[in-house]
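Inspection log for the structure reproduced underneath, given as structure tokens.
Protein chains in written order, with the working numbering: chain V, 130 to 648; chain Y, 130 to 648.
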């Protein structure tokens with residue numbers, strides 16, 4: 130991947146008025162115009178130098194003498210519908226168009242990006258802006274001429290952040306969304322609430338955050354949520370929010386003790402994976418209705434077509450020790466699994482009623498006997514080996530296995546008194562490990578349509594705004610590349626860390642499956 | 130360790146003019162006066178709340194009604210010499226007095242700290258300020274009454290930072306020195322230069338940094354060095370600077386190619402542990418004299434009695450492939466080891482000539498045939514198992530073994546193409562792992578006086594100012610506690626992670642070997 134020093138160089142003209150205009154739409158959507166402005170601003174202000182000895186200064190005279198590009202033209206393919214980037218970004222999974230073609234000639238003539246959607250144009254802009262470096266007042270590329278014809282292998286390329294174990298400000302989230310868009314990540318899975326805190330202020334249920342947020346500053350108002358969703362959308366990112374149920378809900382007992390079993394029960398290890406214990410009383414019709422209302426009220430704040438009801442780590446001991454739950458089970462003659470199924474029917478039907486596709490963690494199909502629509506999307510987290518079992522049940526899959534994609538692993542345990550202090554999911558998941566993930570391992574050809582993609586995840590028991598950037602990046606770009614590129618490069622060779630490494634260390638970043646002209 | 134809610138509470142009087150005056154010195158040293166001011170400011174401004182549900186708000190009325198302390202008196206023991214904290218902090222290892230007694234009554238009468246040095250008073254102040262929390266406008270403690278009689282088990286309790294692989298600003302270093310002083314770390318081992326960059330601007334040798342720093346902003350001027358040394362000193366921290374020789378010096382070839390063998394030689398893996406290759410021509414008398422001058426000029430900027438000449442990972446292939454070195458060896462009839470010994474004699478004698486005690490990495494006594502004064506201090510890094518061999522050669526030891534104390538391990542490898550991406554010193558060294566280190570393992574009683582202490586270390590190939598705080602803290606406090614407390618608590622029981630954990634999660638921090646009155 131090392132570029133010969135004799136490779137063609139090309140400069141960007143200092144004040145190229147024509148940079149990035151849309152050729153064939155009389156009224157370009159505002160968010161596309163803003164995206165073009167951001168790209169222009171990055172090119173002008175970023176001053177990114179090559180990560181090589183001397184920062185590229187040995188190329189100084191070649192750069193000064195290079196031909197200058199004066200304009201970039203974005204074009205929608207004939208007949209394309211002109212929608213905003215945000216409207217394209219929240220279309221149902223599998224129906225979004227993210228492909229684009231980019232051509233950057235070396236003779237100074239016009240560069241072009243073409244696509245059949247504004248979302249595709251935006252992905253092309255993102256690639257375009259990553260071709261350039263800065264040196265002595267000039268913005269230059271080593272990549273001209275280049276033609277890239279690019280499209281993602283998988284429709285779901287995500288990143289999950291937990292905002293319950295620690296709170297992250299709106300600006301922390303926006304900074305993360307910026308970085309996600311640069312890696313063409315298109316799904317923000319917002320694990321918004323958990324047993325530790327409830328930071329979402331939901332219309333009709335504001336008391337949950339008032340009593341369940343860490344403090345008054347650790348709350349996302351409905352305006353904040355709108356702001357985040359919009360910031361994501363114009364960057365091509367759909368926000369899949371999760372309210373985890375019926376487990377991981379201890380904090381709801383602060384405002385609604387009547388709906389929570391085994392709240393703060395001790396020893397916590399008997400009733401939960403980590404303190405504090407507490408789960409929604411899934412056997413109670415009142416609790417199921419309360420939950421359905423909470424979820425639909427939340428879902429209405431998010432334009433995404435998907436919504437996650439969680440469903441991981443339901444602790445049976447908690448319900449066995451809860452007199453109210455036992456009374457209902459006895460009175461109705463239901464088993465625990467039947468009651469759980471009833472709870473899920475109530476919440477999922479409510480969400481489906483407002484047009485949302487439910488998303489659940491793997492236990493809902495692998496450990497419990499739940500009747501779920503096969504439209505439901507299932508997230509695999511416990512082990513990469515479990516994807517095959519989910520596929521065998523004909524559910525769509527998002528890969529998020531802890532053995533490849535958990536960003537919090539390997540930094541030590543925070544509970545218990547293990548003298549080694551290792552974490553349950555040791556070791557640290559290096560970018561290399563994540564990069565070797567095979568989305569189709571043990572998935573038959575006839576099931577391959579079920580694999581929507583995947584994501585890396587940050588659980589935040591041991592992370593906060595102080596280490597967010599350094600624990601997430603550059604590692605989370607690893608799965609973004611896996612699910613954009615797919616299992617193999619365009620020449621049929623498998624992806625490998627040796628050819629990927631230069632992308633992380635300063636050689637211009639070009640997607641591996643892009644068609645690159647011979648130079 | 131959970132404190133009963135009925136424990137005695139005590140408040141600090143809001144504007145207690147008398148807080149922290151020195152009773153029995155007519156002219157307290159300025160740095161002690163400043164330390165007292167800092168403690169007062171922390172107590173007033175930190176607003177540290179307990180890390181418990183509700184942040185301690187359930188204690189609100191008890192705190193409001195608690196007795197108030199109105200003064201803290203610091204006293205030097207009769208007959209003590211009054212020196213500045215900094216002057217005490219740079220005394221030879223083993224001759225500093227850091228012990229102190231602290232008494233905080235619960236009836237509102239005067240608190241006291243006594244010691245036989247200003248350094249001891251400063252350690253007591255540090256403990257004192259860590260007894261307090263904030264709630265509703267009040268600063269309060271759960272620890273009164275308390276009597277602490279405390280002193281360190283080992284004279285060397287350090288932290289090493291590499292400022293060559295990545296540069297850290299003066300303010301990054303000061304922030305780190307603050308945190309070190311809070312953990313009573315008393316040695317900053319500054320691994321200032323390496324093959325990747327040379328950020329120290331040394332009088333008489335400024336061209337090395339001019340050509341060898343990453344850029345003009347990544348240089349520590351002599352004023353910066355003075356500032357850092359002084360900032361450390363008044364916080365009870367001695368700065369042990371290291372100029373690593375003769376290996377890890379590739380960058381010197383930028384300004385002095387005549388002194389560097391195998392500079393930038395490829396493939397680097399044949400000549401160095403990581404790129405770029407390059408080592409000082411240790412067989413050349415001119416290079417040995419150049420090096421001795423560089424080291425003594427550097428040493429004069431640092432008032433410490435110790436100076437590290439490095440000495441790790443000398444690569445023999447590099448010298449075998451270097452025609453100049455081979456020519457000298459042939460002309461003089463020396464072996465490689467004899468030449469290396471001659472180089473070390475030249476540099477160490479120059480340092481000893483200006484009153485410095487040399488410090489070296491373990492290879493200098495375990496792998497090479499070097500004649501070293503037994504005053505030399507040897508740092509163990511390759512394995513904790515190697516300490517015994519160093520002791521057997523009757524050298525003083527600083528423990529810094531990679532298997533317990535390397536803070537960079539377990540975050541993946543940055544060179545090579547290993548698909549797992551694991552680091553050579555996996556796994557991540559948790560605070561628990563570091564905390565279980567036994568300084569006297571395999572050291573006989575007759576050798577125990579050789580163990581000076583130890584430190585955690587951060588090599589910065591994969592760290593920068595962006596993740597400095599999160600990769601260092603709280604882990605580096607783990608060895609600080611090991612070497613302050615020693616192998617066992619005062620009651621003779623071994624230290625263990627279960628009793629230490631609360632110190633990290635919000636229960637007031639009291640040194641384990643402090644004598645604490647029954648409450």
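From the three backbone atoms N, C-alpha and C, an ideal C-beta is built for every residue, glycine too.
Query                                                                                                                                  : Result
Under 8 Å between C-beta atoms of residue 406 of chain Y and residue 421 of chain Y                                                    : no
Separation of residue 263 of chain Y from residue 204 of chain Y, as counted between CA atoms                                          : 27 Å
Contact set between the region 557 to 582 of chain V and chain Y, restricted to residues whose Cβ is under 9 Å from the partner        : 557, 558, 559, 560, 561, 562, 563, 564, 565
Cβ neighbours of residue 404 of chain Y in the same chain (closer than 6 Å, five flanking residues each side left out)                 : 397
N-terminal and C-terminal residue of the alpha helix (DSSP H) that residue 420 of chain V is part of                                   : 414 to 428
Per-residue DSSP class, three states only, for residue 628 of chain Y                                                                  : helix
Within 8 Å of chain Y by C-beta, residues of the region 614 to 630 of chain V in sequence order                                        : 625, 626, 627, 630
For residue 263 of chain V: DSSP bridge partner residues                                                                               : V:268
DSSP-derived helix/strand/coil call for residue 138 of chain Y                                                                         : coil
Under 7 Å by beta carbon: chain V residues contacting residue 539 of chain Y                                                           : 539, 556, 557
Straight-line gap, residue 618 of chain Y to residue 624 of chain Y (C-alpha atoms, nearest Å)                                         : 6 Å
The region 603 to 620 of chain V touching the region 280 to 287 of chain V, judged by at least three CB pairs closer than 8 Å          : yes
Residue 595 of chain Y at chain V interface by Cβ criterion, 8 Å                                                                       : yes
Distance between residue 320 of chain Y and residue 381 of chain Y (C-alpha atoms, nearest Å)                                          : 16 Å
Neighbour list for residue 551 of chain Y in chain V, Cβ cutoff strictly below 9 Å                                                     : 556, 557, 559, 561, 562
Alpha-carbon to alpha-carbon, residue 317 of chain V and residue 290 of chain V                                                        : 8 Å
Beta-bridge pairing of residue 488 of chain Y - partner residues as DSSP gives them                                                    : Y:437, Y:506
Inter-residue CB distance, residue 428 of chain V and residue 480 of chain V (contact presumed, cutoff 8 Å)                            : 6 Å
Whole-number beta carbon distance between residue 140 of chain Y and residue 267 of chain Y, since they are thought to touch under 8 Å : 5 Å
Every unbroken beta strand (DSSP E) within the region 275 to 344 of chain V, with a cutoff of 3 residues, ordered by chain             : 275 to 279, 285 to 291, 316 to 322
Among Y:243, Y:182, Y:196, Y:226, the one whose alpha carbon lies nearest that of residue 207 of chain Y                               : Y:243
Beta strand (DSSP E) segment containing residue 587 of chain Y, residue limits                                                         : 580 to 587
Through-space distance from residue 371 of chain V to residue 528 of chain V, alpha-carbon basis                                       : 16 Å
Beta-carbon neighbours of residue 599 of chain V, restricted to chain Y and to distances below 8 Å                                     : 595, 596, 599, 600
Cβ pair residue 327 of chain Y, residue 341 of chain Y closer than 8 Å                                                                 : yes
Backbone CA spacing between residue 275 of chain V and residue 586 of chain V [nearest angstrom]                                       : 34 Å
8 Å Cβ cutoff met for residue 360 of chain Y and residue 306 of chain Y                                                                : yes
Run of the beta strand (DSSP E) containing residue 371 of chain Y, from where it starts to where it stops                              : 367 to 374
Meets three-Cβ-pair contact criterion under 8 Å: the region 214 to 224 of chain Y and the region 430 to 442 of chain Y                 : yes
Cα-Cα separation between residue 191 of chain V and residue 265 of chain V, rounded to whole angstroms                                 : 12 Å
Cβ pair residue 581 of chain V, residue 506 of chain V closer than 8 Å                                                                 : yes
CB contact below 8 Å: residue 175 of chain Y versus chain V                                                                            : no
Identity of the residue in V:518, V:542, V:178, V:514 nearest residue 531 of chain V by Cα                                             : V:514
Coarse secondary structure for residue 448 of chain V, derived from DSSP in three states                                               : helix
Inter-residue Cα distance where the pair is residue 408 of chain Y and residue 302 of chain V                                          : 46 Å
Neighbour-count burial assignment, residue 553 of chain Y, 16 or more Cβ in a 10 Å radius                                              : exposed
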